[in-house]
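S.K.: Can you keep this structure in mind? I'll have questions shortly.
Now the structure itself:
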């Protein structure tokens with residue numbers, strides 16, 4: 354079955370510390386991969402995406418993610434967290450072909466808290 | 132450019148009432164979809180549409196109806212609301228396959244918070 358697992362429900366880091374949010378997926382073929390961020394009471398904003406090519410992708414707000422095919426993972430990283438990064442982060446996967454390729458499967462999310 | 136617009140932002144219903152959540156996009160996107168977000172569950176796909184006149188079910192379609200009479204609009208109907216439908220609903224749209232790297236990148240609306248008493 355197709356699925357996305359975000360093992361960490363809640364993570365707390367100190368401002369200025371590095372961050373890694375984990376994402377593992379189960380999919381029949383190499384999917385498209387995404388990270389979205391949701392601030393409280395807001396909609397979802399795309400942080401970054403992987404379609405093909407370089408497995409290290411850069412996104413907005415200083416985030417990056419690395420696709421590791423052998424581990425079926427797409428972990429999100431940031432070298433130095435800012436208080437404004439406190440939000441919920443969602444990993445998602447989608448198919449490459451067919452009319453329903455817009456149908457994304459989301460993980461359950463990881464809530465990030467930032468300590469001053 | 133408004134993107135994806137959802138109305139209303141908040142709604143309280145009584146069990147058994149009906150209502151329609153509206154979704155409109157002005158980006159000429161072929162693909163539109165509805166997700167619901169529940170605490171600890173992430174987002175789950177309710178219904179989607181790959182173009183005007185074409186709709187299909189997602190992961191959790193029961194209790195919801197959709198139609199797509201125009202490219203711009205994709206309303207979600209609750210015919211008889213139940214407390215289990217208390218949730219935050221998100222509409223999203225994207226470019227169809229064949230576009231450049233924009234394929235599959237969903238643009239989300241701001242969400243509609245529904246409470247069913």
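Residue numbers (the working numbering), protein chains in the order written: chain A, 354 to 469; chain B, 132 to 248.
Think of the CB as a built atom: it goes at the ideal place given N, C-alpha and C, for glycine as much as any other residue.
Using a Cβ-Cβ cutoff of 9 Å, what residues of the region 133-150 of chain B are near chain A? List them in chain order.
M.R.: Residues passing the 9 Å Cβ filter: 135, 137.
S.K.: Once DSSP output is grouped into helix, strand and coil, what is the label at residue 140 of chain B?
M.R.: Coil, per DSSP.
S.K.: What do you reckon, is the C-beta of residue 403 of chain A under 8 Å from a heavy atom of the ligand FAD?
M.R.: As presented, the structure is devoid of all ligands, the ligand FAD included, so that no description of it is given.
S.K.: Which residues of the region 209-222 of chain B have a Cβ closer than 9 Å to any Cβ of chain A? Give them in chain order.
M.R.: Residues passing the 9 Å Cβ filter: 221.
S.K.: Is the shortest distance between the beta-carbon of residue 362 of chain A and the beta-carbons of chain B less than 9 Å?
M.R.: Taking Cβ atoms only, chain B reaches closer than 9 Å to residue 362 of chain A, which makes this a yes.
S.K.: Tell me residue 398 of chain A's beta-bridge partners as DSSP assigns them.
M.R.: BP columns for residue 398 of chain A point to A:390.
S.K.: Within the same chain, show all residues whose beta-carbon is closer than 6 Å to that of residue 372 of chain A, passing over the 5 residues directly before and after it, in chain order.
M.R.: Once the five neighbours on either side are set aside, the close Cβ partners of residue 372 of chain A are 366, 431, 434.
S.K.: Just to confirm, is the Cβ distance from residue 425 of chain A to residue 378 of chain A under 9 Å?
M.R.: A contact, by the Cβ cut-off of 9 Å.
S.K.: Can you give me, in chain order, the residues of the region 165-185 of chain B that have a beta carbon less than 9 Å from any beta carbon in chain A?
M.R.: Listed by position along the chain: 166, 168, 171, 172, 173, 174, 175, 176, 179, 181, 182, 185.
S.K.: When you compare only the Cα positions, how much space is there between residue 208 of chain B and residue 423 of chain A?
M.R.: Cα to Cα, the separation comes out at about 42 Å.
S.K.: May I ask you to list, following chain order, the residues of the region 388-399 of chain A that have a beta carbon less than 9 Å from some beta carbon of chain B?
M.R.: The region 388-399 of chain A vs chain B, Cβ under 9 Å: 389, 391, 394, 395, 396, 397, 398, 399.
S.K.: In chain A, which residues lie less than 7 Å from residue 239 of chain B when you measure between Cβ atoms?
M.R.: Result: 396, 397.
S.K.: Indicate whether residue 146 of chain B and residue 219 of chain B have their beta-carbon atoms separated by less than 9 Å.
M.R.: Taking 9 Å as the Cβ cut-off, residue 146 of chain B and residue 219 of chain B do not qualify as a contacting pair.
S.K.: Between which residues of its own chain and residue 175 of chain B is the CB-CB distance below 7 Å, once the five residues before and five after are set aside?
M.R.: Result list for residue 175 of chain B: 166, 167, 190, 191, in chain order.
S.K.: Give the interface partners of residue 236 of chain B over in chain A, defined as CB-CB distance under 7 Å, in chain order.
M.R.: Those within 7 Å of residue 236 of chain B in chain A are 399, 402.
S.K.: Quick one: what's got a C-beta closer than 6 Å to residue 169 of chain B's C-beta in the same chain, skipping five residues either side?
M.R.: Within the same chain, residue 169 of chain B has close Cβ partners 218.
S.K.: Kindly indicate which three-state DSSP category residue 167 of chain B falls into: helix, strand or coil?
M.R.: Reduced to three states, the DSSP call for residue 167 of chain B is strand.
S.K.: Can you say whether residue 157 of chain B is buried or exposed, counting buried as having 16 or more other CB atoms within 10 angstroms of its CB?
M.R.: Its Cβ having fewer than 16 others within 10 Å, residue 157 of chain B is exposed.
S.K.: Whole angstroms are fine: how far does the CA of residue 239 of chain B sit from the CA of residue 180 of chain B?
M.R.: Their Cα atoms are separated by approximately 15 Å.
S.K.: Any idea what DSSP makes of residue 461 of chain A, helix, strand or coil?
M.R.: It is coil, neither helix nor strand.
S.K.: For residue 185 of chain B, count the other beta carbons within 10 Å of its own beta carbon; 16 or more makes it buried, fewer makes it exposed. Which is it?
M.R.: So residue 185 of chain B counts as exposed.
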